[in-house]
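In our numbering, the protein residues as written are 45 to 247. Idealized CB from N, CA, C, for every residue including glycine. No experiment lies behind these values; they were computed from the predicted model shown. These notes are about the structure you will find just below.
Okay, structure coming up:
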């Protein structure tokens, strides 16, 4: 029994007991987000980019992928690549990186192929911020997206997602033969339509 379910149960006490009730609870359904693990999760490489608590859904994605493979629903070919680029402030087991044990288990099991830690408050790590790593490794990232048809998933704050998008625009212009901003933006807009570029962001 959680906070919301407990509150609803208390509100519904009269109705459940057969007594008249004027309780009214408005509900506002919304279109489900495309930012979720699907049964096609292993059909293409995954590039997951997160900062802070934005890593949480990706742990769920990896759980889903691991179960998908255990249950024999993965393609008969070699499993698709999985990359996690994760930004946080401090390194090591005493740092603020989340889900360390779970990620290590997924690496051991093969569900997560490459983990990159970007640490903003220390010299350790692959760069201060995830967008720095994207730009530094732009040629490889572009090849993963354009040639190997990776799905790009971004989870974090509005500011982080803007910085990541700017970095992705830059590598499209630099490595993708898309010299103008208009051409680069058209590329990413098309990936959004194809559900290959998905973002879950918050203020």
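- [ ] Could you spell out where the alpha helix (DSSP H) holding residue 245 opens and where it closes?
- [x] What you label residue 245 is simply residue 201 of the chain shown in a count that begins at 1. That residue, residue 245, is in no alpha helix (DSSP H); its beta strand (DSSP E) goes 241-246.
- [ ] Could you check the C-alpha separation between residue 247 and residue 95 for me, to the nearest Å?
- [x] On the chain shown, position 203 is the one that residue 247 refers to. On the chain shown, position 51 is the one that residue 95 refers to. Rounded to whole angstroms, residue 247 to residue 95 spans 13 Å at the Cα level.
- [ ] Count the CB pairs spanning the region 187-205 and the region 237-247 that are closer than 8 Å, and state whether there are at least three.
- [x] yes
TODO: For residue 98, count neighbouring C-beta atoms within 10 Å of its own C-beta (all shown protein chains included) and say buried if the count is 16 or more, exposed if not.
DONE: The residue labelled residue 98 in the question sits at position 54 within the chain shown. Result: buried.
Task: Other residues of its chain near residue 124: CB distance less than 8 Å, five sequence neighbours each side excluded - done: To locate residue 124, count along the chain shown from 1; it is residue 80. Only 86, 87, 88, 89 and 90 meet the Cβ criterion.
Task: Boundaries of the alpha helix (DSSP H) in which residue 55 is found, first to last residue - done: Along the chain shown, read from residue 1 onward, the residue named residue 55 stands at position 11. That run of the alpha helix (DSSP H) goes 47-55.
Task: Rounded straight-line distance, which links the Cα of residue 55 to that of residue 49 - done: If you number the chain shown from 1, residue 49 lands on position 5. If you number the chain shown from 1, residue 55 lands on position 11. Going from the Cα of residue 49 to the Cα of residue 55 covers about 10 Å.
TODO: Would you mind listing the beta strand (DSSP E) stretches within the region 144-168 that are 3+ residues and don't spill past its ends, in chain order?
DONE: 158-163
TODO: Mind checking which residues open and close the alpha helix (DSSP H) that includes residue 226?
DONE: Looking up residue 226 in the chain shown gives position 182. That run of the alpha helix (DSSP H) goes 225-237.
Open item on the list: Rounding to the nearest angstrom, what Cα-Cα distance links residue 120 and residue 235 in this structure?
Closed with: Residue numbering aside, residue 120 sits at position 76 when the chain shown is read from its first letter. Residue numbering aside, residue 235 sits at position 191 when the chain shown is read from its first letter. Here the model assigns residue 120 a pLDDT of 48, short of 50, so the residue's position is not dependable, and the following value carries that caveat. Going from the Cα of residue 120 to the Cα of residue 235 covers about 26 Å.
Task: C-alpha gap between residue 178 and residue 65, whole angstroms - done: In the chain shown, residue 178 corresponds to position 134, counting from 1. In the chain shown, residue 65 corresponds to position 21, counting from 1. A direct Cα-to-Cα measurement between residue 178 and residue 65 gives close to 57 Å.
- [ ] With DSSP as the reference, label residue 88 as helix, strand or coil.
- [x] Taking the chain shown and counting its residues from 1, one reaches residue 88 at position 44. Correct three-state label for residue 88: coil.
TODO: Consult DSSP for residue 142 and reduce its assignment to one of helix, strand or coil.
DONE: Numbered from 1 along the chain shown, position 98 holds the residue referred to as residue 142. Reduced to three states, the DSSP call for residue 142 is coil.
Open item on the list: Short of 7 Å in beta carbon distance, which residues of its chain neighbour residue 134, apart from the five on each side in sequence? Order them along the chain.
Closed with: Position 90 of the chain shown, counted from the start, is the residue given in the question as residue 134. Correct list, in chain order: 140, 163, 165 and 166.
TODO: For the alpha helix (DSSP H) holding residue 297, just list the boundary residues, first then last.
DONE: Any question about residue 297 goes unanswered here, given that the chain covers just 45 to 247.
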